[in-house]
Structure formats: structure tokens, C-alpha cells
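Enquirer: Take a look at this one; I'll ask things after.
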Amino acid sequence: MKSESDPNSMPARKTSSQIRCPADAIPLGPWLTTVIFLLLLPATASAHTGTGAVGGFLSGFKHPVGGLDHVVAMVAVGLWGAFLGGRAMWLLPVVFPVVMAFGGALGVMGVTIPYVEKAIALSGIVLGLMVAFAARPNLKIAAIIVGVFAIFHGHAHGTELPTAANPMTYAIGFVISTGLLHLSGIALGLLTRWPRGKIVVRSGGVAIALVGFGFLFKLL
Amino acid sequence: MQHRISRSPLLPSVFVLLAVPTGAQAHGAIKGLEGFTSGLVHPLTTPAHVLVIVALGLLLGQQKPLDLKRPLLVLMPFLAAGLAFAATGIIAEIYQFLLPGIALCVATLVALQKTIPQMARNALFALAAVAIGLDSAPEPGSAAMIVKSLLGTWIVVVFLVFDVGSYAALAGRKEWSQIGLRVIGSWIVAISLLVLAFELKK
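Same order as they appear, the protein sequences are chains A and B. Going by our numbering, the first residue of the first sequence is number 1, and it counts up by one from there. Going by our numbering, the first residue of the second sequence is number 1, and it counts up by one from there.
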């Protein structure tokens, strides 16, 4: 039997299965083997991810969530709709994708619109402030405000379209992604049913407006 | 005390390796299909057909008073005629704006929740049925294979339009779900607009 107090004795090497650990600790040995196995796995090559039907869908789906300025504006539309309540909650998300697709079509066909990036940043500020101040204008005015900004958002997406993407599945992914952002805004906006929820939603509006300011003055 | 798991050090590795996904193979399952199954799957794997079918179904379910029978009685022969014409091979490819254009028109009516006269509705269904039929040319093969493939397409299109229409009619009983149908309609409008723009750019 080896004595721990013997300074001349060589420490016996332990195999991974022999490593002892406390009862409540996970033994490292098997997991180390797993990690080594995983490191040996080859990564799948992902060339031309934007091509084909599936690639087109994924490319379109990722596009609207790729830019913070776009994301906050989409969520703001849903938040504002929920704040306005009633028909407005659904009218704005119906108007936005249709008008945005029109703007996207202009972008795809190469029709130039000036100050697109500034207008997108401005949309964050305006829509964010509408939520922050709990503004309740006439439904038509709200739809016009949302519609005007939607053209700029759509145009930006249309001009950045990857040429290799499958047009149909790209459009499907793009519209579904935008719609889901609106729906998440509406879901968050439903917090307005509770007094504290209103504070949270209005604070969200302030945050969105600040992001808009950040993009307008190129701080973000 | 030794932990039980340490007795089989390879077990976690095996579980993790089983969880590693294999590479997806696009169209792998469809390549082997032929005849009836191929026809059955065709409209489901053609996004333009899916858009038109869903839009037609939603329009069917939104109409008041609800009438599922007559539009389907129009759809069935016109779809059969379109498919039969496609099988002759005279038209290799249909006008590229046709299907997105039809989807745009039908989905706009859905988004606006418009009830249209029966005559106009029937004309829209006939046009859509012919367009889907013409765009579903079967793969070359024996006459029996072609007939089976066309039959599969015919069945699935009729079934899907009726199915979507029935569910849309059921959903339309509640106000929030009526709005949901309009939102889906607006999404189809947006998709069709973008696709038309892409086609124009080509």
C-alpha cells in the first residue's frame, strides 16, 4: 500500500475511469471523451446558403431580423397597435407588410428613394415616441404613418436582396419573419392590460426611440 | 463513492453522437416518387401553388352566405381540363406572372374581407384552377403513370381548397380569427407583390 507521506514514491497515474469524484459531482472522464469526440466531428460545409428553395426561405427569414433598426421598428408597430387597441391592433400589422412589399418591389426593380437609412432611423424614433407617449391618433393617420415608414423599410430590404436566392421562398420567409416581429410586438403590447405593464410598454417605446436616435446620429 | 455514470465512459458520447443531425438532402424524398404519389406531392412542393390554394380556400371560407359546393364544382372540371392540357405538352411553361397575379388578386379580396358576386368568384376559381393545372405538367413516362400523377394532383388541390375553406369558415365565426384570416391574406399579398417584382426584374 502506497503511503501519501512517502516523498520518494511516484504518484500512480489514473485512467479516466478511475478518476474518483465526490458523490454529488459529475465525473470529468466520460465528458472529456465526449468533448474530444465532438471536436473530431467534421463541420458541414455551407457554401451558397442563399440558393435553392430552402436557402431562399432561410435567407428571407433572416433578413428582417438582421438589423436592429429594422427589428425595433417592426416591434414598435406591434406595440403601438396593441396600445391603440381594437381594430388598430390588427390593422397596422395588415397594412405594414403590404406597403412594405410595395417598397420592396420598388427596391428590387431599382427605383431609387432618397434618405432611406435616415427614414428607417426616423421610423424608430417616431414609432417609439408614439408608444412612449401612448399617442392615440385617428386610425387612418396611424395607418398612414406606419405605411409611409413601411415603404422605406421595404425598399432597403428589396435593394439588399441576394441575387442567388429563390424569389418565391425568399419572399415567403421575408414576409413571415416580418409578420412574426409584429406579432411579438403585439404580444408585448398586451401587457398594457395591467397598470405596471403600461409602464413597461411605454419604457419599451423610449428604448426604441433611443435606438432610432442612435442610428440617426450614427452612434450605433 | 464513485459515480455510476463513470462505469461506461462512452455512453454520453454515444448519446451526443446520436443527437448530431445528419445533413439535409434537398429533394431526396421527392426524386424517388413517381405516379400518383408524385402528383400528390407536386402542389405541396410548389410554393406558388400553395399560395393560390391557401388564398382560394380563405376566400371560400370568408364568403357569406357560406357556399363551399358551387365554387368547388367550378374548380374540379377546370382543374381537370388544365391538367389534361398540361399532359399534352403543348404549353411547356405558363406565363410567369399568372400564378403570383392570381394569388395577389384573391389574397387582396381576403385581406379586405370582401364578399364578391358569385359569378366573379366562379370566374376567379376557374382561372386559378386552369393556371394550377397548366403549371402541373407531369414527368414523362407511361400513359398510366401520367394519368396517376394527374389524378394525384387533382385530388390534392381539390381537397386542400375544400379543407382550407372549411377551416376558414369555422375560424370566421369569431372576430379575432376573422382578423387572423385577413392578416394571412395580407401576407400572401405581400409575398405575391415581391415575387411579381422579382419576375419583372428578370
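For glycine and all other residues, C-beta sits at the position ideal for the given N, C-alpha and C.
#1: If the cut is a Cβ gap below 8 Å, which residues of chain A does B/Lys-201 touch?
#2: List the residues of chain D whose Cβ lies closer than 8 Å to the Cβ of A/Phe-102, in chain order.
#3: Just the Cα atoms here: how many angstroms apart are B/Leu-66 and B/Lys-114?
#4: Check each candidate in A/Leu-127, A/Pro-167, A/Ala-143 and name the one with the smallest Cα separation from A/Val-95.
#5: Sorry if obvious, but does the Cβ on A/Pro-114 come closer than 8 Å to a heavy atom of the ligand FMN?
#6: Please list the residues of the region 78-101 of chain A that have a C-beta atom closer than 9 Å to any C-beta atom in chain B, keeping them in chain order.
#7: Take every Cβ of the region 186-197 of chain A, pair it with every Cβ of the region 71-78 of chain B, and state whether three or more of those distances are shorter than 8 Å.
#8: Going by the beta-carbon positions, is the gap between B/Phe-125 and B/Phe-198 smaller than 9 Å?
#9: Tell me the DSSP secondary structure of A/Met-130 in three-state form.
#10: Quick check on this structure: which residue in A/His-182, A/Pro-167, A/Leu-216, A/Leu-188 has the alpha carbon closest to the alpha carbon of B/Pro-100?
#11: Compile a chain-ordered list of the residues in the region 174-193 of chain B whose CB is closer than 7 Å to at least one CB of chain A.
#12: Quick test of your reading: A/Gly-205 and A/Leu-129, contact by CB under 8 Å. State the CB separation rounded to the nearest angstrom.
#13: Quick check on DSSP: helix, strand or coil for A/Asn-138?
#14: Output yes or no for whether 9 Å exceeds the beta carbon distance between A/Val-175 and B/Ile-191.
#15: Would you list, in chain order, the members of the region 158-169 of chain B that have their beta-carbon closer than 9 Å to a beta-carbon of chain A?
#16: Kindly indicate if chain A contains any beta-carbon less than 9 Å away from that of B/Pro-213.
#17: Going by CA-CA distance only, name the one from B/Gly-61, B/Ile-94, B/Glu-34 that's closest to B/Ala-48.
#18: Check whether chain A comes within 9 Å of B/Leu-40, counting only Cβ atoms and requiring the distance to be less than that.
#19: Quick check on this structure: which residue in B/Met-119, B/Asn-122, B/Pro-140, B/Lys-64 has the alpha carbon closest to the alpha carbon of B/Ala-87?
#20: Under three-state DSSP, which class holds B/Lys-202?
#21: Roughly how many whole angstroms lie between the Cα atoms of B/Val-189 and A/Phe-102?
#22: How do the region 133-142 of chain A and the region 80-89 of chain A stand: do at least 3 beta-carbon pairs fall below 8 Å, yes or no?
#23: When you compare each of A/Pro-97, A/Met-109, A/Ala-73 to A/Ser-123 by their alpha carbons, which one comes out closest?
#24: Along the chain, where does the alpha helix (DSSP H) that runs through B/Tyr-167 open and close?
#25: Return the first residue and the last residue of the alpha helix (DSSP H) that B/Leu-104 is part of.
#26: Does DSSP put B/Ile-191 in a helix, a strand or coil?
#27: Suppose you measure from the CA of B/Ser-136 to the CA of B/Asp-163; what does that come to, to the nearest Å?
#28: Any beta carbon from chain A within less than 9 Å of B/Pro-196's own beta carbon?
#29: Which residues bound the alpha helix (DSSP H) around A/Ser-177?
#30: If distances are taken between C-alpha atoms only, which option among B/Ile-184, B/Ala-171, B/Ala-128 comes closest to B/Trp-154?
#31: Helix, strand or coil for B/Glu-34, going by three-state DSSP, please let me know.
#32: Return the residue from the list B/Arg-70, B/Val-50, B/His-42, B/Gly-35 that minimises the CA-CA distance to B/Met-119.
#33: How about A/Pro-93 and A/Leu-38: are their beta carbons less than 9 Å apart?
#34: Quick one, which residues of the region 101-112 of chain B are near chain A if we go by CB-CB under 8 Å, in chain order?
#35: Thinking C-alpha only, which one of B/Ala-55, B/Ile-102, B/Ala-107, B/Val-106 is nearest B/Ala-131?
#36: So B/Ala-111 and B/Ser-186 are in contact, right, with Cβ under 8 Å, and what is the actual spacing, rounded?
Expert: According to the structure shown:
#1: The contacting residues are Val-108, Met-109, Gly-110.
#2: Protein chains in the displayed structure are A and B, and chain D is not among them.
#3: Cα to Cα, B/Leu-66 sits roughly 13 Å from B/Lys-114.
#4: A/Ala-143
#5: Absent from the structure shown: the ligand FMN. Ligands present: none.
#6: Arg-87, Met-89, Trp-90, Leu-91, Pro-93, Val-94, Val-95, Phe-96, Pro-97, Val-98, Val-99, Met-100, Ala-101
#7: no
#8: no
#9: helix
#10: When only C-alpha atoms are compared, the closest one is A/Pro-167.
#11: Ile-179, Arg-182, Val-183, Ser-186, Trp-187, Val-189, Ala-190, Ile-191, Leu-193
#12: 7 Å
#13: coil
#14: yes
#15: none
#16: The first residue shown for chain B is 1 and the last is 202, placing residue 213 of chain B beyond what the model contains.
#17: B/Ile-94
#18: Closer than 9 Å to the CB of B/Leu-40 there is not a single CB belonging to chain A.
#19: B/Pro-140
#20: It is coil, neither helix nor strand.
#21: Computed Cα separation, rounded: 10 Å.
#22: yes
#23: Of the listed residues, the one whose Cα sits closest to A/Ser-123 is A/Ala-73.
#24: 143-171
#25: 98-112
#26: helix
#27: 20 Å
#28: At residue 196 of chain B the sequence reads Leu, which differs from the Pro that was named. Closer than 9 Å to some Cβ of chain A, the Cβ of B/Leu-196 qualifies, so yes.
#29: First-last of the alpha helix (DSSP H) with A/Ser-177: 167-189.
#30: B/Ala-128
#31: coil
#32: B/Arg-70
#33: no
#34: Ala-111
#35: Nearest option by C-alpha distance: B/Ile-102.
#36: The beta-carbon separation of B/Ala-111 and B/Ser-186, rounded to 4 Å, stays under the 8 Å limit for a contact.
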